[in-house]
Amino acid sequence: MLDQTAAIVPPGKGVPARYAAFSGIWAGQLDGMYDGKLAVLTVSSGGQVTVSYAWGDLADNKPGVADGSGRIVGNTLKLGRLPNGADITATMPSPGTLNVTYALAGQTYTGSFARASQ
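Number 93 in this note's numbering belongs to position 37 of the sequence shown; there are no gaps in the numbering.
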């Protein structure tokens, strides 16, 4: 799984609070059984992000980590397709909670992630 010391770069002063809120490591389970961690490594003032996503056993996928990038629009972080073919979106309904949707090979998994560290 993702190293707890993933290099989170604190958002700069020019990053709006609504974007900065996504920064940090988030952890949870998809469909109540598949562990996942989303590290939002950098957040720019325009809402662009770089991330690392780690997963445990997920259907036919063995545990792994993929790096990606994306953009925050409103309260939703939408990642570009990860190298393993997964599409991830994360919506923040309230501070400290991300509702994550992970789509891969025609299957969609959802779950709630909580902030694990800043």
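Glycine included, every Cβ here is placed at the ideal spot set by N, Cα and C.
Counting C-beta pairs closer than 8 Å gives fewer than three between the region 161-173 and the region 67-76, which falls short of the contact rule. Gly-92 is a Cβ neighbour of Tyr-109, given a cutoff of 8 Å. Non-local beta-carbon contacts of Ala-122 in its own chain, meaning distances under 6 Å to residues more than five positions away in sequence, involve Tyr-109, Leu-138, Pro-139, Asn-140 in chain order.
For Arg-127, the uninterrupted beta strand (DSSP E) run begins and ends at 120-129, by DSSP. Spanning the alpha carbons of Ala-83 and Gly-68 requires a straight line of approximately 23 Å. In summary, Gly-126 is buried, with 16 or more beta-carbon neighbours lying within 10 Å of its beta-carbon over all protein chains present. A straight-line Cα-Cα distance of about 19 Å links Trp-111 and Ser-79.
When rounded, the separation of the alpha-carbon atoms in Ser-100 and Pro-66 is 10 Å. Bridge pairing for Arg-171: Trp-82 [DSSP]. Nearest to Gly-152 by alpha-carbon distance, out of Gln-85, Gly-102, Ile-128, Ala-172, is Ala-172. In this structure, Leu-154 lies away from Ala-142, with their beta-carbon atoms at least 8 Å apart.
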